[in-house]
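Colleague:
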Amino acid sequence: MTQLVYAVDHLKSNGNPMRLQELAIVTDTPLMSDPTLLEKFKAHDRIVHDPKTDLYSYRHDYTFKNKASLLTEIQRKTQNGGGISVRLLKESWKEAPQAVEELEKEGDVLVTRTMKDGHMRLVFWNEIRPDEESGGMRVEQGMYDLIFLAVSLILATVSLASEGLQATAAETVIPKPPAGKKKGKKIGTRQRQSRITNVHLKGDIDLTKDYVAPDSSKK
Numbered sequence: 019m020t021q022l023v024y025a026v027d028h029l030k031s032n033g034n035p036m037r038l039q040e041l042a043i044v045t046d047t048p049l050m051s052d053p054t055l056l057e058k059f060k061a062h063d064r065i066v067h068d069p070k071t072d073l074y075s076y077r078h079d080y081t082f083k084n085k086a087s088l089l090t091e092i093q094r095k096t097q098n099g100g101g102i103s104v105r106l107l108k109e110s111w112k113e114a115p116q117a118v119e120e121l122e123k124e125g126d127v128l129v130t131r132t133m134k135d136g137h138m139r140l141v142f143w144n145e146i147r148p149d150e151e152s153g154g155m156r157v158e159q160g161m162y163d164l165i166f167l168a169v170s171l172i173l174a175t176v177s178l179a180s181e182g183l184q185a186t187a188a189e190t191v192i193p194k195p196p197a198g199k200k201k202g203k204k205i206g207t208r209q210r211q212s213r214i215t216n217v218h219l220k221g222d223i224d225l226t227k228d229y230v231a232p233d234s235s236k237k
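Note that the numbering used here has the sequence shown beginning at 19, numbered continuously upward.
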């Protein structure tokens, strides 16, 4: 299985059709001597065989090989409701990233980049591109930032949804009641008048008031 993956990956990265014998030599795989491996290689959904030339090639997602056809593909994809990954474009055509940058400078496309290193991530067709007849202004950085923010939010929401979470909901931690205490209604604290009594004292002496000695002159 490893030999199959290695042969397919090489054909993918090479970008050009190859003869089976040449591919077997370069990848050091027994494609010419192992019938089972050869059968699996030919049956691979990404391998295309041209019986006229007897060449094998890798079927990429896109087939453009120049800037004009690249722009056409970006326009078609954007009209269907999405952008195109620059990484996938590069797999189909090695010079695609450079062509995307040129199209961006010309105002034909909009590009979103990663926040960390500024690498190109997605490319969109610029539907409001100015021309000589209608005039207008080129989309500035603010529009790029808005597009990047929108795409980032969508990707984050999809990532959270795949993990069973929600982007707007946070986990609520409910504290446990202290051990040993029974649940019940809270009793409000009330201030009650204190009354101090002493069973050894008799009479009408109220200990809650300041003591005043009796007037001895009245005796």
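Just so it is clear, CB atoms sit at the ideal spot from N, CA and C, and this is done for glycine as well.
Every value quoted in this text rests on a predicted model; they were computed, and no experiment measured them.
Got a sec, what are the start and stop residues for the alpha helix (DSSP H) residue 88 sits in?
Modeller: First-last of the alpha helix (DSSP H) with residue 88: 85-97.
Colleague: What do you get for residue 50, buried or exposed, if any count of 16 or more other CB atoms within 10 angstroms of its CB means buried?
Modeller: exposed
Colleague: Which residue's Cα is closest to the Cα of residue 84: 172, 116 and 25?
Modeller: 116
Colleague: Taking residue 63 as the reference, give the member of 77, 47, 96 and 56 with the closest Cα.
Modeller: 77
Colleague: Are residue 142 and residue 101 closer than 7 Å when you measure CB to CB?
Modeller: yes
Colleague: Could you compute how far the alpha carbon of residue 110 sits from the alpha carbon of residue 129?
Modeller: 18 Å
Colleague: Relative to the alpha-carbon of residue 36, which residue among 113, 52 and 71 has its alpha-carbon at the smallest distance?
Modeller: Looking at the Cα atoms, 71 is the closest of the given residues.
Colleague: Using a Cβ-Cβ cut-off of 6 Å (strictly less than) and excluding sequence neighbours within five positions of residue 190, which residues of its own chain qualify?
Modeller: For residue 190, the pLDDT reaches just 40, beneath the cut-off of 50, and the residue's location in the model is therefore unreliable, leaving the point undetermined.
Colleague: Grouping DSSP H, G and I as helix and E and B as strand, with all else coil, what is residue 67?
Modeller: The three-state reading of DSSP puts residue 67 in strand, counting E and B together.
Colleague: Taking the DSSP output, what are the residues bridged to residue 118?
Modeller: Looking at the DSSP assignment, residue 118 forms no beta bridge with any residue, so it has no partner.
Colleague: Could you spell out the range, first to last residue, of the alpha helix (DSSP H) harbouring residue 59?
Modeller: 53-61
Colleague: Any idea which residues DSSP pairs residue 127 with across the strands?
Modeller: 143
Colleague: With DSSP run on the structure shown, which of helix, strand or coil describes residue 49?
Modeller: Looking at residue 49 - three-state DSSP - the assignment turns out to be coil, as it is neither helix nor strand.
Colleague: Decide if residue 104 is buried, meaning its Cβ has at least 16 other Cβ atoms within 10 Å, or exposed.
Modeller: buried
Colleague: Cutting at 7 Å between CB atoms, please list the residues of its own chain near residue 22, excluding the five before and the five after it.
Modeller: 55, 58 and 59
Colleague: Let me know if residue 98 comes out buried or exposed under the rule of 16 or more other beta-carbons within 10 Å of its beta-carbon.
Modeller: exposed
Colleague: May I have the straight-line CA-CA distance separating residue 168 from residue 74, to the nearest angstrom?
Modeller: 41 Å
Colleague: Taking all protein chains shown into account, decide if residue 41 is buried (16 or more other Cβ within 10 angstroms of its Cβ) or exposed.
Modeller: buried
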